[in-house]
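Colleague: If you scroll down you'll find the structure; I have some questions about it.
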Amino acid sequence: MNALQHKYAKDIEKVLAKYPADRKQSAVMPLLYIAQRDGGYVTKQDLVEIGEILDMSTTEVASIVGFYTLYHDQPAGTYRIQVCTDLSCALRGADEFLENLCENVGIKVGETTEDGLVTIEAVMCLAGCDKAPMFQVQSPEGIEYHENQTVESTLALIESWKQEKED
Amino acid sequence: MAEQVKENTVTLTIDGVEVAVPQGTLVVDAAKIAGQDIPVFCYHPKMEPVGMCRMCLVDIGYPVKDRNTGEAVLNEDGTPKIQFGRTLVTGCTQVVSEGMVVVGYSEKVQQARKDVLEFFLTSHPLDCPICDKGGECPLQNLTLAYGPGESRFNYDEKKKNLKHVPLGDLIFLDRERCIHCARCTRFQEEIVDDPVIGFYNRGRSLEITTWSEPGFDSYWSGNTTDICPVGALTTADFRFGARPWEMLEVASICRECPVGCNLTLNTRREAKSGGKMVVKRVMPRQNEQVNELWICDKGRFGYHYASADDRLTTPLIRKEGEFIPASWDEALSLAAEKMQAAGSRLVSVAGGQLSNEDYFHIGQLTEHLGGKAVLYSNMMGGDLTTKVGMGPGSNLADLGAGDAILVVASDLEEEAPLYWLRVKQAAERGATLIVANPRATKTDRYAAHIIRYEYGQEAAAILALSLDRIGDSDLADESFKQAAKAFAEAENAVVFFGSEGTGMAQSDALSKACANLLIATGHTGRPNNGLVGVWDKGNVQGGWDMGLQPSATLFDDLKAAKAAYVVGADLAGDNPAYKQALAQAEFVVVQELHHTATMELADVVLPAQSFMEREGTLTSGERRVQRYYPAVPPAGESKADFAITAEIAAMAGKELESVSAGLVFLGIVGKFKDYADLDYQALAEVSEQWPIIGREDLYYGGTGYANHQGLGVLLGTAAGRGEPVLIDGFDLPDTGVDGLLAVPVTRLYDQGNNLRYAAVMFPRIASSYVSLNPADAAGLGESVVVELNGFQVEVALKLDENVPQGIVVVPRSFGLPISAPTPVVVKN
Ligand code: SF4
Ligand code: SF4
Ligand code: FES
Ligand code: FES
């Protein structure tokens with residue numbers, strides 16, 4: 275039993291039960307999701323251990339992390355604000371929104387606030403084009419959409435996270 | 005239509021050339037057959053098409069049919085009316101159909117190729133002048149053919165990337181050059197099942213990475229550099245070593261294992277080497293019946309021993325304890341005199357990598373002098389493969405559904421990588437694979453049935469597989485019975501037997517049990533049926549065929565020898581017990597390439613030529629006789645082994661051919677029935693192979709070489725000639741020991757004397773170690789003392805759950821005194 279199996283015994287068991295034993299590789303995505311849940315990113319050790327559980331090479335597991343944008347291989351803020359800057363959103367002012375947001379929060383795109391709470395990222399179309407500016411938030415609680423945003427509404431959101439953290 | 009179904013062929017036209025191809029053929033392959041090259045990057049004829057690069061776009065038209073009658077609609081001039089699609093199609097993913105018209109030379113298609121290339125070049129460095137692939141690079145050629153003279157894209161936005169990324173110690177990646185065709189990753193996954201490199205990220209950020217430990221460290225890694233369509237992957241061994249067009253190609257054969265992979269040696273004169281001709285790299289040479297387009301890294305990188313600096317260049321004679329350079333005459337006459345005087349107490353020991361011609365002469369000379377000629381191998385059964393081996397017309401690539409393969413006592417990928425690959429592929433085509441081995445190996449992954457006998461019980465396990473004896477065995481569970489049934493009922497069946505955990509006694513029993521099984525189930529005397537020895541050295545089969553045999557009493561033979569004539573074998577380096585025995589021999593003649601532990605004990609040393617410096621033939625485990633050719637001039641005064649033996653013979657009163665290997669072969673042909681129809685010409689014959697490689701696009705099959713110099717010939721067998729075949733009775737070896745049992749196994753990257761000369765291989769050779777099951781290792785540290793056959797050796801300890809309890813796995817040739825299963829004590 276490796277560390278992941280110790281830490282998430284029940285969750286992993288539940289996931290594995292969904293797939294036939296000779297197709298257990300199919301569980302790679304849910305297991306990566308579990309591994310990433312608490313820390314917000316997948317460590318090299320997680321890759322090795324998931325490989326062990328599923329009989330896959332570390333490299334095969336890693337290539338899934340590399341391919342999907344919602345898996346991360348680097349630590350970041352607890353809340354990742356992922357602002358869509360694709361064409362439709364850009365037409366509705368997403369670029370400007372992102373720039374102003376960053377300025378107000380005091381970080382650049384891709385960076386994390388000093389308190390480790392927030393990371394701001396630019397991403398491709400999230401299928402919320404008509405409600406731009408919009409972003410999704412990826413956090414230990416899951417993924418949440420925020421549409422028709424202004425810098426003020428977003429700052430308020432960040433403020434509420436801070437409160438939550440302090441309480 | 006009825007006729008086509010019957011013949012299973014489809015007729016189509018490609019750029020005006022009509023061609024008939026088997027149903028299911030892909031358009032790009034059909035074009036190859038028609039002699040029309042459609043450029044490809046990601047497509048490789050040995051791998052599933054993925055349609056990733058779009059280079060192979062063509063225009064495809066289909067004959068128009070009348071909806072009501074189903075009849076072909078004709079143009080006014082009576083030709084069938086063709087309807088082209090609206091878009092171009094990737095020829096690598098499109099299967100041919102009757103009457104199809106493929107167009108590659110239209111303006112539309114040419115424009116598409118230009119466009120695709122333009123995209124590739126937006127981020128390609130085009131640093132051809134300093135690129136290893138320059139000169140044999142399809143991207144370079146196609147850029148010349150279709151590429152824009154100037155880019156329309158902004159140079160500043162060109163992606164800059166790392167140019168020397170070590171993916172492991174052997175392979176370097178140039179990230180800028182990679183065109184993301186996935187040939188390398190698909191090769192590692194689909195073909196050799198070792199997916200240690202993969203894509204990471206996507207879009208413009210896509211890159212090849214490895215996350216495995218220790219990186220891209222695969223027995224097969226060099227092949228990815230052959231099939232990489234650009235200079236993105238290079239080997240640590242060859243990169244920046246030479247330009248492809250400067251090099252000559254010389255055909256050779258690998259002798260590192262019994263597969264006998266066909267090689268091309270690329271040579272060139274080099275200032276660094278004083279203007280001498282040197283081998284710059286070793287490449288696979290296509291032989292679809294042996295190694296297809298592949299070789300393992302041992303075969304590719306291990307060749308440096310043959311050109312090492314410490315090669316012996318003059319004969320040496322020991323005078324007052326010191327080696328003094330001598331003339332050939334002096335050295336030969338001294339050797340001849342002592343060998344002649346030894347008479348029946350002459351022992352000749354021939355290493356497992358010599359040529360057939362060498363063995364033949366060693367046998368002739370030793371017989372003439374009344375001595376004993378010994379083949380230096382720990383395996384038996386080389387006579388059985390001449391009786392019930394795979395005969396002419398065999399090709400492992402033909403085995404599939406309805407056939408069975410038994411692999412016994414072998415970690416096949418370690419012992420003979422290409423056999424492993426071909427067996428795996430047969431299993432994937434549907435052949436029933438039965439793997440019988442005391443511990444788990446990679447071969448298990450493809451097995452339908454796995455038999456786990458105890459070390460020492462290999463022959464008993466195989467005997468029990470004969471249906472009439474199955475009841476006697478306690479191994480006989482349901483899967484075992486199914487395995488026995490599958491083997492008995494298979495249309496064709498092949499047995500590979502190796503040397504996992506066996507000494508000569510075990511090997512003798514095992515090989516006989518295997519031959520019995522084949523005879524009992526009627527799997528002899530026909531193509532694709534029979535016994536294959538996974539020999540412990542490359543030309544052991546040739547040694548047997550030339551009448552030499554291993555000796556169970558070699559220690560005693562040597563101790564009592566008045567003269568020992570050791571050719572191409574490092575007895576003392578492999579096993580300290582031999583060292584003691586040789587030290588007791590009265591006079592020792594050593595014929596070698598370099599300084600070895602055995603040479604230290606010699607009275608006369610005769611410098612031999614390496615395989616690159618001479619010609620000869622080898623006989624593979626399947627008993628394919630193959631020729632190799634000289635590529636570089638000999639080191640110093642060295643001579644070919646057969647020539648040295650012939651000159652000793654001349655001084656001892658026996659005429660043997662001393663100049664031409666081809667003439668020696670005539671002697672072999674005259675003496676041995678199986679070789680009777682052969683000559684050097686027949687061995688050099690070639691016929692067209694599929695896939696066709698080496699045409700205009702340069703790399704449809706990679707940069708491996710087309711074969712112009714010979715596919716070799718499979719020898720006939722006694723069973724094939726209808727002669728009665730009897731297998732002697734044998735005793736099942738007794739293996740009962742109290743306490744730990746040490747068993748010898750083979751590792752691909754062994755110590756021996758070859759690999760240590762290859763700079764890139766050297767770090768891959770483990771130092772001396774033994775493996776134990778963790779349950780047996782209580783209280784033992786990382787370094788242990790092993791008491792074996794009266795010797796004490798200090799080695800590293802590895803823990804391995806695959807090792808059965810009570811067993812100590814000892815790799816061969818690592819300086820531990822083991823040649824058979826032996827009781828052992830392991831302590832701190
Ligand atoms: S490294 Fe070579 S083979 Fe691998 S994806 Fe890149 S171009 Fe293709
Ligand atoms: S598989 Fe065997 S014969 Fe082929 S290259 Fe490797 S060691 Fe040489
Ligand atoms: S373009 Fe932003 S959500 Fe679609
Ligand atoms: S898409 Fe056909 S060769 Fe790449």
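Respectively, the protein sequence lines represent chains X and L.
Read in my numbering, the first sequence has 418 at position 144, and its numbers run on one by one without any break.
Read in my numbering, the second sequence has 279 at position 275, and its numbers run on one by one without any break.
Built from N, CA and C at the ideal position, the CB exists for glycine as well.
If you're wondering where the values come from, they're calculated on a predicted model, not measured in any experiment.
Taking only beta-carbon atoms, is GLU326 (chain X) less than 8 Å away from chain L?
Modeller: Within the first sequence, the letter at position 52 stands for residue 326 (chain X). No, no contact with chain L.
Colleague: Taking 7 Å as the cut-off, is the CB of ARG322 (chain L) close to at least one heavy atom of ligand 1?
Modeller: Position 318 of the second sequence, counting from 1, holds the residue named residue 322 (chain L). No; taking the cut-off as 7 Å, the Cβ of ARG322 (chain L) has no heavy atom of ligand 1 nearer than that.
Colleague: In the DSSP assignment, find the unbroken alpha helix (DSSP H) run with ASP369 (chain X) in it and report its ends.
Modeller: Taking the first residue of the first sequence as 1, we reach residue 369 (chain X) at position 95. Element bounds for ASP369 (chain X): 368-379.
Colleague: With H, G and I counted as helix, E and B as strand and the rest as coil, what does DSSP make of PRO294 (chain X)?
Modeller: Along the first sequence, one-based indexing puts residue 294 (chain X) at 20. Coil.
Colleague: Looking at the C-beta of PRO199 (chain L), does it have a partner C-beta in chain X at a distance below 8 Å?
Modeller: If you number the second sequence from 1, residue 199 (chain L) lands on position 195. Taking Cβ atoms only, chain X reaches closer than 8 Å to PRO199 (chain L), which makes this a yes.
Colleague: Identify, in the order they occur along the chain, each residue of the same chain with its Cβ nearer than 7 Å to the Cβ of TYR47 (chain L), setting aside the five sequence neighbours on each side.
Modeller: By 1-based counting over the second sequence, the position of residue 47 (chain L) is 43. Answer for TYR47 (chain L): VAL32, PRO53, CYS60, CYS96, listed in chain order.
Colleague: Check whether chain L comes within 8 Å of THR332 (chain X), counting only Cβ atoms and requiring the distance to be less than that.
Modeller: Locating residue 332 (chain X) in the first sequence gives position 58, where the first residue counts as 1. Interface residue, yes.
Colleague: Are GLN14 (chain L) and GLU80 (chain L) closer than 8 Å when you measure CB to CB?
Modeller: Taking the second sequence and counting its residues from 1, one reaches residue 14 (chain L) at position 10. Taking the second sequence and counting its residues from 1, one reaches residue 80 (chain L) at position 76. This sequence places Val at residue 14 (chain L); Gln is not what is there. Against a cut-off of 8 Å, the Cβ pair of GLU80 (chain L) and VAL14 (chain L) comes out as no contact.
Colleague: Against chain X, which members of the region 203-219 of chain L pass a CB distance test of less than 8 Å?
Modeller: Those residues of the region 203-219 of chain L that come within reach of chain X (Cβ to Cβ, closer than 8 Å) are PHE203, TYR204, ASN205, ARG206, THR213, THR214, TRP215, SER216, GLU217.
Colleague: Measuring alpha carbon to alpha carbon, tell me which of L:LEU776, L:LEU759, L:ILE731 ends up nearest PRO748 (chain L).
Modeller: In the second sequence, counting from the first residue as 1, residue 748 (chain L) sits at position 744. The residue with the shortest Cα to Cα distance from PRO748 (chain L) is L:LEU776.
Colleague: Closer than 7 Å: is that where the CB of LEU400 (chain X) sits relative to any heavy atom of ligand 5?
Modeller: Of the ligands one can find in the structure shown, namely ligand 1, ligand 2, ligand 3 and ligand 4, none is ligand 5.
Colleague: At a cut of 8 Å, does the region 285-304 of chain L reach the region 570-588 of chain L through at least three beta carbon pairs?
Modeller: Flag = no, the region 285-304 of chain L and the region 570-588 of chain L do not touch.
Colleague: With ligand 4 as the reference, list in chain order each residue whose Cβ lies under 6 Å from any of its heavy atoms.
Modeller: Working through the chain, the matches are L:VAL44, L:PHE45, L:CYS46, L:TYR47, L:GLY55, L:MET56, L:CYS57, L:ARG58, L:MET59, L:CYS60, L:THR94, L:CYS96.
Colleague: Compute the Euclidean distance between the alpha carbons of ALA824 (chain L) and LEU210 (chain L), then round it to the nearest angstrom.
Modeller: Stepping through the second sequence from its first residue, residue 824 (chain L) is reached at position 820. Stepping through the second sequence from its first residue, residue 210 (chain L) is reached at position 206. Near 51 Å, if we compare the C-alpha coordinates of LEU210 (chain L) and ALA824 (chain L).
Colleague: So does LEU237 (chain L) have its beta carbon nearer than 7 Å to some heavy atom of ligand 1?
Modeller: Start at 1 with the first residue of the second sequence, and residue 237 (chain L) comes out as number 233. Under cutoff, so the answer is yes.
Colleague: Would you check whether ligand 2 has a heavy atom nearer than 7 Å to the C-beta of VAL856 (chain L)?
Modeller: With chain L covering 5 to 832 only, the question about residue 856 (chain L) has no answer from this structure.
Colleague: If you measure from the CB of ASP369 (chain X), is any heavy atom of ligand 3 nearer than 7 Å?
Modeller: As a first step, residue 369 (chain X) is located in the first sequence; it is residue number 95 there, counting from the start. Answer for ASP369 (chain X): no, Cβ out of range of ligand 3.
Colleague: Find the residues of chain L that neighbour ALA336 (chain X), judging by a C-beta separation of less than 8 Å, and give them in chain order.
Modeller: Locating residue 336 (chain X) in the first sequence gives position 62, where the first residue counts as 1. In chain order: GLY202, TYR204, THR213, TRP215.
Colleague: Three or more C-beta pairs closer than 8 Å, one from the region 540-560 of chain L and one from the region 615-627 of chain L: is that the case here?
Modeller: With a cut-off of 8 Å, the region 615-627 of chain L and the region 540-560 of chain L count as touching, because enough Cβ pairs lie within range.
Colleague: Am I right that VAL294 (chain L) and CYS265 (chain L) are in contact with their C-beta atoms under 8 Å? What's the rounded C-beta distance?
Modeller: Numbered from its first residue, the second sequence carries residue 294 (chain L) at position 290. Numbered from its first residue, the second sequence carries residue 265 (chain L) at position 261. Between CYS265 (chain L) and VAL294 (chain L) the Cβ distance is about 6 Å, and since that is below 8 Å, they are a contact.
Colleague: Whose C-alpha, out of L:THR17, L:VAL62, L:TYR633, is nearest the C-alpha of SER359 (chain L)?
Modeller: The count along the second sequence starts at 1 and reaches residue 359 (chain L) at position 355. Out of L:THR17, L:VAL62, L:TYR633, L:TYR633 has the C-alpha closest to the C-alpha of SER359 (chain L).
Colleague: Does any heavy atom of ligand 3 sit closer than 7 Å to the C-beta of ASP360 (chain X)?
Modeller: Translated into positions along the first sequence, residue 360 (chain X) becomes position 86. Within the cutoff, so yes.
Colleague: Pull up the DSSP beta-bridge partners for GLY698 (chain L), would you.
Modeller: Here the question's residue 698 (chain L) lines up with position 694 in the second sequence. Paired residues: none, contrary to the question.
Colleague: What does the alpha-carbon distance come out to for the pair ALA24 (chain L) and GLY108 (chain L)?
Modeller: Locating residue 24 (chain L) in the second sequence gives position 20, where the first residue counts as 1. Locating residue 108 (chain L) in the second sequence gives position 104, where the first residue counts as 1. Cα-Cα distance, rounded: 18 Å.
Colleague: Flag this pair as yes or no: are the beta carbons of VAL353 (chain L) and VAL729 (chain L) separated by less than 8 Å?
Modeller: What you label residue 353 (chain L) is simply residue 349 of the second sequence in a count that begins at 1. What you label residue 729 (chain L) is simply residue 725 of the second sequence in a count that begins at 1. No, the Cβ-Cβ distance between VAL353 (chain L) and VAL729 (chain L) is not below 8 Å.
Colleague: Quick one: is the Cβ of PRO233 (chain L) within less than 7 Å of any heavy atom of ligand 1?
Modeller: Position 229 of the second sequence, counting from 1, holds the residue named residue 233 (chain L). Yes; taking the cut-off as 7 Å, the Cβ of PRO233 (chain L) has a heavy atom of ligand 1 nearer than that.
Colleague: Are LEU521 (chain L) and LEU469 (chain L) close, meaning C-beta to C-beta below 8 Å?
Modeller: The sequence position of residue 521 (chain L) within the second sequence is 517, counting from 1. The sequence position of residue 469 (chain L) within the second sequence is 465, counting from 1. Against a cut-off of 8 Å, the Cβ pair of LEU469 (chain L) and LEU521 (chain L) comes out as a contact.
Colleague: Output needed in chain order: residues of the region 359-382 of chain X with a Cβ under 7 Å from some Cβ in chain L.
Modeller: If the cut-off is 7 Å between Cβ atoms, the region 359-382 of chain X has nothing near chain L.
Colleague: Suppose the cutoff is 6 Å on Cβ atoms and the five residues either side in sequence are ignored; what does the same chain contact list for ALA6 (chain L) look like?
Modeller: Numbered from its first residue, the second sequence carries residue 6 (chain L) at position 2. At ALA6 (chain L), the pLDDT of 42 sits below 50, so the modelled position is not reliable; the number obtained from the coordinates is stated separately. For ALA6 (chain L), where only same-chain residues beyond five positions count, there are no Cβ hits under 6 Å.
Colleague: Please check the pair LEU177 (chain L) and VAL764 (chain L), which I expect to be a contact at CB under 8 Å, by giving their CB distance rounded to whole angstroms.
Modeller: Locating residue 177 (chain L) in the second sequence gives position 173, counting from the first residue. Locating residue 764 (chain L) in the second sequence gives position 760, counting from the first residue. With a Cβ gap of about 16 Å, LEU177 (chain L) and VAL764 (chain L) do not count as contacting.
Colleague: Give me the chain L residues within the contact set of LEU321 (chain X), using Cβ-Cβ distance strictly less than 9 Å, ordered along the chain.
Modeller: Sequence index remark: in the first sequence, residue 321 (chain X) carries index 47 (1-based). Those are TRP215, listed as they occur along chain L.
Colleague: Would the C-beta of ALA396 (chain X) count as close to ligand 3, meaning under 7 Å from any of its heavy atoms?
Modeller: Residue numbering aside, residue 396 (chain X) sits at position 122 when the first sequence is read from its first letter. Result no, Cβ not under 7 Å from ligand 3.
Colleague: Going by alpha carbons, who is nearest to ILE421 (chain X) out of X:PHE371, X:ASN378, X:GLU440, X:ALA301?
Modeller: One-based indexing of the first sequence puts residue 421 (chain X) at position 147. Ile is not the amino acid found at residue 421 (chain X); the sequence shown has Glu there. Residue X:PHE371 is the option with its Cα nearest to GLU421 (chain X).
Colleague: What does the Cβ neighbour count give for LYS318 (chain X), buried or exposed, with the cut at 16 atoms within 10 Å?
Modeller: Stepping through the first sequence from its first residue, residue 318 (chain X) is reached at position 44. Classification of LYS318 (chain X): exposed, given that the 10 Å Cβ count is below 16.
Colleague: With a threshold of 7 Å (Cβ to nearest heavy atom), would ILE299 (chain L) be considered close to ligand 2?
Modeller: In the second sequence, counting from the first residue as 1, residue 299 (chain L) sits at position 295. The answer is yes for ILE299 (chain L).
Colleague: In this structure, how does DSSP classify ASP416 (chain X) when only helix, strand and coil are distinguished?
Modeller: Start at 1 with the first residue of the first sequence, and residue 416 (chain X) comes out as number 142. Note on identity: in this sequence residue 416 (chain X) is Gly, with Asp being the wrong assignment. Looking at GLY416 (chain X) - three-state DSSP - the assignment turns out to be strand.
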